[in-house]
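Reviewing the structure listed below.
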Amino acid sequence: MQRVACAHDCGLMINPDNVRAQVEGNILQTLSRTLHEETTFDASRVTSVDWAGYPLLRFPDVPRLDIDLVQRLGEPPLGAGEAASSPVPAALANAVFDATGVRLRSVPFTRERVRPLMA
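Structure (structure tokens):
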């Protein structure tokens with residue numbers, strides 16, 4: 269993934285730089301969950317108990333983020349960030365569908381899950 273674009277409207281922004289940071293952080297966290305993160309279990313316990321067993325998005329894989337903030341001076345502040353995370357898995361799945369015709373429906377979109385669908 270090379271780029272993520274987001275238009276974000278959260279009403280009145282008191283500090284747009286903090287809103288941008290919140291939106292960027294939520295997008296990257298959700299992208300990590302969508303592509304990598306998965307809690308694993310065996311018959312009796314959680315097995316992903318350290319960072320080696322729980323993969324995350326790494327800095328070299330972070331895409332360019334183009335965030336367009338909508339300032340609404342006549343509206344109340346409505347909070348930021350969390351709303352930016354909701355569309356990430358669907359947008360990524362739709363991009364894969366547009367490119368391949370294959371629907372991804374279970375996250376994370378790991379190689380082990382995606383490869384059989386591409387056959």
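If you're matching positions, the sequence shown starts at 269 in the working numbering and goes up one per residue. All C-beta atoms in this analysis are idealised placements derived from N, C-alpha and C, irrespective of residue type, glycine included.
Buried or exposed (CB count within 10 angstroms, at least 16 for buried), residue i
i: P357; result: buried
i: A348; result: buried
Beta carbon of residue i nearer than 8 Å to that of residue j
i: T307; j: V375; result: no
Cβ-based neighbour list, residue i, same chain, cut-off 8 Å, excluding 5 preceding and 5 following
i: C274; result: V291, I295, L333, D334, I335, D336, A352
i: L299; result: M269, V272, L325, P331, V356, L360
Same chain only: Cβ atoms within 6 Å of residue i, ignoring 5 sequence neighbours per side
i: S316; result: T307, T308, Y322
i: M269; result: P331
i: V338; result: D277
Cβ-based neighbour list, residue i, same chain, cut-off 7 Å, excluding 5 preceding and 5 following
i: V364; result: V370, L372
i: P344; result: G279, L280
i: A387; result: none
Rounded C-alpha distance that separates residue i from residue j
i: R340; j: P355; result: 22 Å
i: E350; j: L325; result: 18 Å
i: P284; j: G293; result: 14 Å
i: T378; j: D310; result: 19 Å
i: L218; j: V314; result: It is not possible to answer for residue 218, since the shown part of the chain is limited to 269 through 387.
i: N362; j: T368; result: 10 Å
*Can at least three beta-carbon pairs, one atom from the stretch 305-319 and one from the stretch 278-288, be found at a separation below 8 Å?*
no
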